[in-house]
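Q:
Next comes the structure, spelled out in structure tokens:
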């Protein structure tokens, strides 16, 4: 009795720590690059009724420069954009408001996990699962950077809960099957995928429910998904990065899924129809996600004409997409007959405790070093300094340079009503000459520098000490035209 009481206090304490970490993440971490992109789409749509990115494509045809042009959203992310737009309509568009929405999504996710687990497996297991979810690094990162994982996991938890209820219903077809279909459609919209993907998804899950998923089948499905996506993206199937990408994705899968999820749940008890369906379906999704992540890395390497391992370094957090399996994989094990569920008692107790401590240390280190805020800080400074019609030039070598320039735009112009353009140039280009020619860059009055090495601004430009510069990478520099005459008179 005393041991059970002590264990309950342990899980409650862990949950409290996790909730505090979610709050700190929302307060300390910068918004993710994707968050800025979607916020820009939404505010542009709120301004003129048609959501666009006005500064050009995220992956321009040229590997070293951008050309401003309107890129329509085309309703790809209609559900995700609708949530942001509703939030912006209630409050004013700002980075702080997005952080609040990220926190609401993160804590809402924990609440849904607790309620669904309590109904299926009791309050004790609900407390344990919610506590572990609260310290799971991808969910904390999602709350802090306003990524989609927390809100998607809400939908996944609702879907998997309804599927279990549907399986337990004696009828072949019942109303419990409707919410999972709706949740799947919303998730597809969140990721900008065609809604007809719902049909192959249903077929794949139906097949998975009737076969036994093992390591060989998972590997075969992953490579098939990778090859299909790569071929669809117009990339040669002889690309040398295909196998390294798949192996890297499986390594990410081991870290994010086994190290972050399954290590805490013992695979005890005998399988039954419920557990087999949920577990096999979850493993089918896992295999597809591994192949998708691998294909994404290869596609980015080709599109950005970058070294594959540089892409891995820049997109190292992509395996976080596997976080949507957090609840389904645990439920699959807990549904087994006489399953012990989640526990820190018995064999392997020390490993479990050490892993929990490692997760807490990872979260603490991420919160202590919250990432580069250079573009956000500079954008906020420009919000108070830039004049109507003044353009900016962003000098950077990063494969995510166009993403970064939009993370300047949103804090600089949160309502998207300024008539200013943004241009990106690789540091190796002759951007000095372009400025002197006063052709394309004739209205540029601000230069933001984030190269691998410090680039000197041309004569007549003055470096500006922007507010908060002491908190960002020393690679960031801001220049404004300081000549006595107009630059392009």
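Numbering (my numbering), first residue to last: -15 to 473. We put the CB at the ideal spot given by N, CA and C, even for glycine.
Between the Cα of residue 63 and those of 344, 169, 341, 465, spot the shortest distance and give me the residue it belongs to.
A: Nearest of 344, 169, 341, 465 to residue 63, Cα basis: 169.
Q: I'd like the list of long-range same chain contacts for residue 225, defined as Cβ closer than 7 Å, with 5 residues on each side in sequence excluded.
A: These residues qualify, in order along the chain: 282, 285, 292.
Q: Below 9 Å between beta carbons: does that hold for residue 193 and residue 261?
A: In contact: residue 193 and residue 261 (Cβ atoms closer than 9 Å).
Q: Please identify the residue among 41, 212, 164, 432 whose C-alpha is closest to the C-alpha of residue 182.
A: Nearest option by C-alpha distance: 164.
Q: Report yes or no: do the region 114 to 126 and the region 48 to 68 share at least 3 C-beta pairs separated by less than 8 Å?
A: Contact fails: fewer than three Cβ-Cβ distances are below 8 Å.
Q: Give the straight-line distance between the Cα atoms of residue 423 and residue 471, rounded to the nearest whole angstrom.
A: Rounded to the nearest angstrom, the two C-alpha atoms are 12 Å apart.
Q: Output needed for residue 401: all residues of its chain with C-beta closer than 7 Å, excluding positions within five of it in sequence on either side, in chain order.
A: Correct list, in chain order: 31.
Q: Can you find at least 3 beta carbon pairs, one from the region 267 to 279 and one from the region 355 to 369, that sit closer than 8 Å?
A: Judged by Cβ distances under 8 Å, the region 267 to 279 makes no contact with the region 355 to 369, as fewer than three pairs qualify.
Q: When the Cα atoms are used, what is the spatial distance from residue 384 to residue 298?
A: Computed Cα separation, rounded: 8 Å.
Q: Would you decide whether residue 407 is buried or exposed? Buried here means 16 or more other CB atoms lie within 10 Å of its CB.
A: Buried: at least 16 other Cβ atoms inside 10 Å.
Q: Just checking residue 139 against the ligand HEM - is the residue's beta carbon closer than 8 Å to any of the ligand's heavy atoms?
A: In the structure on display, the ligand HEM does not appear, and there are no ligands present to speak of.
Q: Is the Cβ-Cβ distance between residue 19 and residue 92 less than 9 Å?
A: It is not a contact, given that the beta carbons lie outside the stated cut-off.
Q: Judging by CA-CA distance, which residue of 235, 321, 208 is the nearest neighbour of residue 279?
A: Taking only the C-alpha atoms, the option nearest residue 279 is 208.
Q: Following the continuous beta strand (DSSP E) through residue 376, name the residue where it begins and the one where it ends.
A: Run containing residue 376: 375 to 380, per the beta strand (DSSP E) assignment.
Q: Run the CB neighbour count on residue 34, radius 10 Å, all protein chains shown included, and call it buried at 16 or more, exposed below.
A: Residue 34 comes out exposed.
Q: Go through its chain and collect everything with a Cβ distance to residue 141's Cβ below 6 Å, but skip five positions before and after it.
A: Within the same chain, residue 141 has close Cβ partners 96, 97, 100, 311.
Q: For residue 27, count neighbouring Cβ atoms within 10 angstroms of its own Cβ and tell me buried if that reaches 16, exposed if not.
A: Counting Cβ neighbours within 10 Å, residue 27 comes out buried, since at least 16 surround it.
Q: Please look up how many angstroms separate the CB atoms of residue 386 and residue 44, rounded, as I've assumed it's under 8 Å.
A: Rounded, the Cβ-Cβ distance is 6 Å, consistent with contact.
Q: Looking at the unbroken beta strand (DSSP E) that takes in residue 407, where does it start and where does it end?
A: Per DSSP, residue 407 belongs to the beta strand (DSSP E) from 406 to 409.
Q: Quick check on residue 301: does DSSP put it in helix, strand or coil?
A: Three-state result, residue 301: coil.
Q: Can you look up residue 56 in the DSSP assignment and give me helix, strand or coil?
A: In the structure shown, residue 56 sits in a strand (DSSP, three-state: E or B).
Q: For the alpha helix (DSSP H) containing residue 160, list its first residue and its last residue.
A: That residue, residue 160, is in no alpha helix (DSSP H); it is neither H nor E in DSSP.
Q: With three or more beta-carbon pairs closer than 8 Å as the criterion, would you say the region 67 to 85 touches the region 128 to 140?
A: Touching, per the Cβ criterion.
Q: What are the boundary residues of the alpha helix (DSSP H) that includes residue 390?
A: Segment 385 to 396, the alpha helix (DSSP H) holding residue 390.
Q: Quick check: residue 416 and residue 442, are their CB atoms within less than 9 Å of each other?
A: Result yes, Cβ atoms of residue 416 and residue 442 sit closer than 9 Å.
Q: So is residue 345 buried or exposed if we call it buried at 16+ other beta carbons inside 10 Å?
A: Looking at its Cβ environment, which holds fewer than 16 other Cβ atoms inside 10 Å, residue 345 is exposed.
Q: Taking the continuous beta strand (DSSP E) assigned at residue 464, which residues delimit it?
A: Residues 461 to 465.
Q: Check residue 447 in the structure and name its three-state DSSP category.
A: Three-state DSSP puts residue 447 in a strand.
Q: Does the Cβ-Cβ distance between residue 36 and residue 55 come in under 9 Å?
A: Going by C-beta atoms, residue 36 is nearer than 9 Å to residue 55.
Q: Taking the alpha-carbon of residue 366 as reference, which of 221, 12, 405 has the nearest alpha-carbon?
A: The residue with the shortest Cα to Cα distance from residue 366 is 405.
Q: Alpha helix (DSSP H) containing residue 201: first to last residue?
A: Looking at the DSSP string, the run of the alpha helix (DSSP H) that includes residue 201 is 199 to 216.
Q: Verify whether the separation of the beta carbon atoms of residue 295 and residue 306 is less than 9 Å.
A: For residue 295 and residue 306, no; Cβs fall outside 9 Å.
Q: Got a sec, what are the start and stop residues for the alpha helix (DSSP H) residue 177 sits in?
A: Element bounds for residue 177: n/a, residue is neither H nor E.
Q: Taking the runs of the alpha helix (DSSP H) that are 4 residues or longer, which of them lie wholly in the region 221 to 294?
A: Those alpha helix (DSSP H) runs which fall completely within the region 221 to 294 and span 4+ residues are 226 to 237, 257 to 287.
Q: Using only alpha-carbon positions, find the residue among 321, 336, 337, 431 that is nearest to residue 370.
A: Checked all of 321, 336, 337, 431; the closest Cα to residue 370 is 431.
Q: Below 7 Å CB to CB, which residues in the same chain sit around residue 136 once its five sequence neighbours on both sides are set aside?
A: Closer than 7 Å at the Cβ level, and outside the excluded window around residue 136, lie 171, 174, 308.
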